[in-house]
Amino acid sequence: MSVALIVDDHPAVRLAVSAHLTAHLGFEIHEAHNAADAIKLMEELKPDLLIVDLDMPSLPGDAVVEAVEKLCPKARLIVLSAVNGAGVRAVRAGAHGHVAKVSGLDELVEVLRVMMLGYAVFPVSVLDALRRMADGPKSPTAGLSRREVTVLRFLAAGHSNKAIAEALRISNKTVSSHKTSVMGKLKLHSLIDIAEFARKHQIIGPN
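Residue numbers for the sequence shown, in the UniProt record's numbering: 1 to 207.
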């Protein structure tokens, strides 16, 4: 039986998604209420599917996306979020699909059916936004690697180098190197500058 891991800080969301996946797709369901617990479960379970909210307390869901590539690279990952702009963020983070929470569980199930066949599924609005971004002014983070963007989000949310290293399964030295690179490329001089930059450019969610 295929294993699915639902990562969301809202119990009602986890319950509803779990019930629907069990009824319609036959997954063995596991749940995590934050990114740190999700990463631990990924190491134990090696899930086939992850359903992740990017904006959660403590650690951002981007940590889960980062961990997927290392811990279970064959898994499919979909972002389920109510935050504006989450679709574009999901593409950049490396997810295979995105569904807005307002779309309903039936749509989620249909998207998951397609994703599990090996396809990426995103709303047309997300693709349109990406095209506009490609045609418009250069993204403020265009010069950063995907890992550097993730570290930027962690720093902007107030996490220490040690916490970031533990979440991403990398060394403190590597985090420090990424931090120095991010600040240099963006011409930022302090953690306050990083937080202000992230808020200005909507790099982190409202939490």
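Think of the CB as a built atom: it goes at the ideal place given N, C-alpha and C, for glycine as much as any other residue.
Bear in mind the structure is a predicted one, so any value in this text is a computation, not a measurement.
Mapping DSSP to helix, strand and coil, what is SER171?
-> coil
Given that a residue counts as buried once 16 or more other Cβ atoms are within 10 Å of its Cβ, and exposed if not, what is MET115?
-> buried
Per DSSP, which residues does HIS189 bridge with? Please list them.
-> HIS189 is not bridged to any residue.
Nearest-angstrom Cβ-Cβ length linking PRO47 and ALA75, presumed shorter than 8 Å = 6 Å
Mind pulling the beta strand (DSSP E) runs of 3 or more residues that sit fully within the UniProt domain "Response regulatory" (3-116)?
-> 3-7, 28-32, 49-52, 76-81, 97-100
Say whether the region 30-43 touches the region 64-84, bearing in mind that this needs 3 or more beta-carbon pairs closer than 8 Å, one atom from each stretch.
-> yes
Stretch pair the region 1-12 + the region 54-64: three plus CB contacts closer than 8 Å = yes
The region 113-127 touching the region 153-166, judged by at least three CB pairs closer than 8 Å = no
Selected residue, minimal CA-CA separation from SER2, among PRO60, VAL79, LEU80, LEU25 = For SER2, the closest C-alpha among the options PRO60, VAL79, LEU80, LEU25 is that of LEU25.
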